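To start, the structure itself, in structure tokens.
Protein chains in written order, with this note's numbering: chain A, 1002 to 1158; chain B, 1002 to 1158.
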């Protein structure tokens, strides 16, 4: 993908400059041991993470609520440009098969800003209802809290 | 994608050896002028075709029935390995956005067999119902007739 076409009626965007280099942010996103430490806003935890970092490969996480309820998502990587852009979707299962519960595509982009990183997370949806649902689930707040956790992980690398 | 994982309960497969080289089959699949000549089994015709041959790029066709009814599909390319493998899906719109009417992912693989080509078209579905629907729509027969038309196009290149 060369261009990223965002439609305000369909998409959610979180953009922030963080004070860690993008190479570390990339590691935090692409190594299961790191992902488990930051991916789910506390008090939820990420108890499992599988990564097969290639187009068509699996990105699977199991998130656990404080009450012990587990939520598993097995998505599919679409585009991987090291230290720059990571794209995956739950609209496809691993191997590019259409999924039974399509919801959104995530595009993470990283740009160097001095010693830090401009971090942009985009959520693309099929229709305004799905966008609204994701908004009500707390996309911006949740992904923002997870980003705080990610930055803390990077600072300990 | 390295492996192609096929599930007989979910997928449809058409495999045939054709007597044209795979480089010509690839051209027939990736150049709009060629696609329009063979993509839809007669008496249906393909009246429009747009191709943006990159992951995330558009593969759009407009098919027309003998009665003049038009059916437009705008899918998204996922993987492009020249002369070897072409993957696209209608579960994503161009730009990797989840689509409103996900149905199947297509994987076309080409292998040289002497002067000819082992041509394999796979249709991957989310569930058995979607597979059955595609079967009833005539996947094997329709894609087989289209392949006959494709071979005829290659022979005139």
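Glycine included, every Cβ here is placed at the ideal spot set by N, Cα and C. Note that the structure is predicted; figures quoted are calculated from it, not measured.
Measuring alpha carbon to alpha carbon, tell me which residue in A/1039, A/1067 and A/1016 is nearest residue 1154 of chain A. Numbered from its first residue, the first chain carries residue 1154 of chain A at position 153. Comparing Cα positions, the closest option is A/1039.
Please list the residues of the region 1123-1138 of chain B that have a C-beta atom closer than 9 Å to any C-beta atom in chain A, keeping them in chain order. 1125, 1126, 1127, 1128 and 1131
How many Å lie between residue 1096 of chain A and residue 1059 of chain A at the Cα? As a first step, residue 1096 of chain A must be located in the first chain, where it is residue number 95. As a first step, residue 1059 of chain A must be located in the first chain, where it is residue number 58. Taking the straight line from one Cα to the other gives about 8 Å.
For residue 1126 of chain A, which residues from the same chain have a beta carbon less than 7 Å from its beta carbon, with the 5 sequence-adjacent residues on both sides left out? Numbered from its first residue, the first chain carries residue 1126 of chain A at position 125. Only 1011, 1012, 1105, 1132 and 1135 meet the Cβ criterion.
Taking 9 Å as the cut-off, decide whether the C-beta atoms of residue 1145 of chain A and residue 1022 of chain A are in contact. The sequence position of residue 1145 of chain A within the first chain is 144, counting from 1. The sequence position of residue 1022 of chain A within the first chain is 21, counting from 1. Result no, Cβ atoms of residue 1145 of chain A and residue 1022 of chain A do not sit closer than 9 Å.
Pairwise C-alpha distance: residue 1048 of chain A and residue 1036 of chain B: The residue given as residue 1036 of chain B occupies position 35 in the second chain. The residue given as residue 1048 of chain A occupies position 47 in the first chain. Taking the straight line from one Cα to the other gives about 47 Å.
Name the two residues that bound the continuous alpha helix (DSSP H) containing residue 1153 of chain B. Counted from its first residue, the second chain places residue 1153 of chain B at position 152. Segment 1140-1156, the alpha helix (DSSP H) holding residue 1153 of chain B.
Give me the Cα-Cα distance between residue 1078 of chain A and residue 1101 of chain A, rounded to the nearest whole angstrom. Translated into the one-based positions of the first chain, residue 1078 of chain A becomes position 77. Translated into the one-based positions of the first chain, residue 1101 of chain A becomes position 100. Linking residue 1078 of chain A to residue 1101 of chain A through their CA atoms gives a straight-line distance of about 16 Å.
Is the closest heavy atom of the ligand FAD to the C-beta of residue 1031 of chain A under 8 Å? With respect to the ligand FAD, the structure shown offers nothing to examine, as it has no ligands at all.
Reducing DSSP to helix, strand and coil, say where residue 1011 of chain A ends up. Counting from one through the first chain, the residue named residue 1011 of chain A turns up at place 10. Residue 1011 of chain A falls in the coil class under three-state DSSP.
My assumption, with CB atoms under 8 Å, is that residue 1120 of chain B sits in contact with residue 1014 of chain B. Please give the rounded CB distance. As a working note, residue 1120 of chain B is residue 119 in the second chain. As a working note, residue 1014 of chain B is residue 13 in the second chain. That pair is no contact at about 11 Å.
Reducing DSSP to helix, strand and coil, say where residue 1107 of chain A ends up. Position 106 of the first chain, counting from 1, holds the residue named residue 1107 of chain A. Three-state DSSP puts residue 1107 of chain A in a strand.
Residue 1106 of chain B versus chain A: which residues are under 9 Å apart at the beta carbon? As a first step, residue 1106 of chain B is located in the second chain; it is residue number 105 there, counting from the start. Going along chain A in sequence order, the residues near residue 1106 of chain B (Cβ under 9 Å) are 1093, 1096, 1097, 1098 and 1099.
Contacts of residue 1083 of chain A in chain B (Cβ-Cβ under 8 Å): One-based indexing of the first chain puts residue 1083 of chain A at position 82. In chain order: nothing, as chain B lies at least about 15 Å away.
Contacting positions in the region 1054-1082 of chain A - beta carbon closer than 8 Å to chain B: 1055, 1056, 1057, 1058, 1079 and 1080
Residues of chain A with a CB under 7 Å from the CB of residue 1088 of chain B: which are they? If you number the second chain from 1, residue 1088 of chain B lands on position 87. In chain order: 1097.
DSSP three-state label for residue 1002 of chain B, please. Position 1 of the second chain holds residue 1002 of chain B. Since pLDDT at residue 1002 of chain B reaches only 49, below the 50 mark, its modelled position is unreliable, and the value read off the structure follows with that caveat. Of the three classes helix, strand and coil, the one that applies to residue 1002 of chain B here is coil, per DSSP.
Does residue 1025 of chain A come out as helix, strand or coil in the three-state DSSP assignment? Numbered from 1 along the first chain, position 24 holds the residue referred to as residue 1025 of chain A. Helix.
Outcome for residue 1091 of chain B when other beta-carbon atoms lying within 10 angstroms are tallied against a minimum of 16: Translated into the one-based positions of the second chain, residue 1091 of chain B becomes position 90. When all chains shown are included, residue 1091 of chain B counts as buried.
Do residue 1074 of chain B and residue 1061 of chain B have their C-beta atoms closer together than 9 Å? By 1-based counting over the second chain, the position of residue 1074 of chain B is 73. By 1-based counting over the second chain, the position of residue 1061 of chain B is 60. Taking 9 Å as the Cβ cut-off, residue 1074 of chain B and residue 1061 of chain B qualify as a contacting pair.
Backbone CA spacing between residue 1018 of chain A and residue 1107 of chain B [nearest angstrom]: Working through the first chain from its first residue, we reach residue 1018 of chain A at position 17. Working through the second chain from its first residue, we reach residue 1107 of chain B at position 106. Using only the alpha carbons, I get a separation of about 39 Å.
In angstroms with no decimal places, state the Cα-to-Cα distance between residue 1081 of chain B and residue 1024 of chain B. Counted from its first residue, the second chain places residue 1081 of chain B at position 80. Counted from its first residue, the second chain places residue 1024 of chain B at position 23. Their backbone Cα atoms lie some 14 Å apart in a straight line.
Using beta carbons (cut-off 9 Å, strictly below), is residue 1006 of chain B in contact with chain A? As a working mapping, residue 1006 of chain B is identified with position 5 in the second chain. Interface annotation, residue 1006 of chain B: in contact with chain A, CB-CB separation under 9 Å.
Mind listing the chain A neighbours of residue 1042 of chain B? Cutoff is C-beta to C-beta under 9 Å, in chain order. Residue mapping note: residue 1042 of chain B aligns to position 41 of the second chain, counting from 1. The premise fails here: residue 1042 of chain B is roughly 23 Å from chain A at the closest Cβ pair, so nothing lies under 9 Å.
Taking all protein chains shown into account, do 16 or more other C-beta atoms lie within 10 angstroms of the C-beta of residue 1098 of chain B, making it buried, or fewer, making it exposed? The sequence position of residue 1098 of chain B within the second chain is 97, counting from 1. Residue 1098 of chain B is buried by the Cβ-count criterion.
Return no unless some Cβ of chain B is closer than 9 Å to the Cβ of residue 1011 of chain A. By one-based count along the first chain, residue 1011 of chain A stands at place 10. True, the Cβ-Cβ gap to chain B drops below 9 Å.
Residue 1124 of chain A versus residue 1063 of chain B - alpha carbon distance: Along the first chain, read from residue 1 onward, the residue named residue 1124 of chain A stands at position 123. Along the second chain, read from residue 1 onward, the residue named residue 1063 of chain B stands at position 62. Distance between the alpha carbons of residue 1124 of chain A and residue 1063 of chain B is about 29 Å.
Which of the three DSSP states, helix, strand or coil, is assigned to residue 1065 of chain A? Here the question's residue 1065 of chain A lines up with position 64 in the first chain. Correct three-state label for residue 1065 of chain A: strand.
Inter-residue Cα distance where the pair is residue 1137 of chain B and residue 1111 of chain B: Taking the first residue of the second chain as 1, we reach residue 1137 of chain B at position 136. Taking the first residue of the second chain as 1, we reach residue 1111 of chain B at position 110. Looking at the two C-alpha atoms, the distance is approximately 26 Å.
For the putative contact between residue 1051 of chain A and residue 1033 of chain A, defined by C-beta atoms under 8 Å, what is the C-beta separation to the nearest angstrom? By 1-based counting over the first chain, the position of residue 1051 of chain A is 50. By 1-based counting over the first chain, the position of residue 1033 of chain A is 32. Going by Cβ atoms, the distance from residue 1051 of chain A to residue 1033 of chain A rounds to 6 Å, so yes, they are a contact pair.
So what's residue 1096 of chain B in DSSP terms, helix, strand or just coil? Mapped onto the second chain, residue 1096 of chain B falls at position 95. Three-state DSSP puts residue 1096 of chain B in a helix.
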